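Asks: Would you mind keeping the following structure in view while I ask a few things?
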Amino acid sequence: WGTSYDGISAQPFAAHINEVLLQPLDPRDIEIKPDGIPYLPEIKYRRILNRSFGPGGWGLVPRGPHTLTERSISREYALICLGRFVSQARGEQDFFNPNGMPTASEGCKSNALMRCCKDLGIASELWDPAFIPKYKKQHCVEAWAVHIDKGNKKKVWRRKDRPLEYPWKEA
């Protein structure tokens, strides 16, 4: 699978698979970053893929070596489902010291998975500019917070049903 595109666009997946892939997200599954970007945790993508194709019915395959800079790592990955090439995306992750490289490598893979899933329609709402402000208005709040370690104060986003998480506390 390092270079093959076997099975791409050969035929649509079965209706029962597409039904799971295209299911609207449960708003309780969506998280929000302090900067206001909503996202779906990686485990949620994996669960949707497992419900759609079954455990072992899909995989994320590297399509070349890692690309490293002083502070970031990236790599191309392909999503293979039921033996068919489905999508390819570059995952990226920043890191701040060499000891963080293994974690950054996993973050890179997770980022590629999320991007590949977009081509299957999974969590497509999160790419819809009309959905994001509506979701934030209904489920999130912007609050003044203090950084516990640094003491600086700024506005951050959180879900309405949850307190802020470390390193932030509401001011």
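Counting from 1 along the sequence shown, just add 1 to a position and that's the residue number in the working numbering.
Ideal Cβ positions, reconstructed from N, Cα and C, are used throughout, including at glycine.
Keep in mind that this is a model prediction, so the values were computed, not measured.
Is it the case that the stretch 93 to 109 contacts the stretch 134 to 153, given that we only count it when at least three CB pairs across the two stretches are under 8 Å?
Replies: no
Asks: What alpha helix (DSSP H) runs, 4 residues minimum, are completely inside the stretch 38 to 62?
Replies: 43 to 54
Asks: Can you list, in chain order, the residues of its chain with a C-beta nearer than 8 Å to that of Asn100? Leave out the 5 residues immediately preceding and following it.
Replies: By one-based count along the sequence shown, residue 100 stands at place 99. Shown here for Asn100: not one same chain residue has a beta carbon closer than 8 Å to its own, the five before and five after excluded.
Asks: Quick one: Cα of Ile74 to Cα of Thr68, how far?
Replies: One-based indexing of the sequence shown puts residue 74 at position 73. One-based indexing of the sequence shown puts residue 68 at position 67. So the two alpha carbons sit approximately 6 Å from each other.
Asks: How is Ala16 classed by DSSP in three states: helix, strand or coil?
Replies: Residue numbering aside, residue 16 sits at position 15 when the sequence shown is read from its first letter. DSSP places Ala16 in helix when its eight states are reduced to three.
Asks: So, with DSSP's three-state summary, where would you put Gln139?
Replies: Taking the sequence shown and counting its residues from 1, the one referred to as residue 139 is at position 138. Residue state for Gln139 is assigned as helix, using DSSP reduced to three classes.
Asks: Pick from Gly37, Leu23 and Leu61: whose alpha carbon is nearest that of Glu43?
Replies: Along the sequence shown, one-based indexing puts residue 43 at 42. Cα-wise, what sits closest to Glu43 is Leu61.
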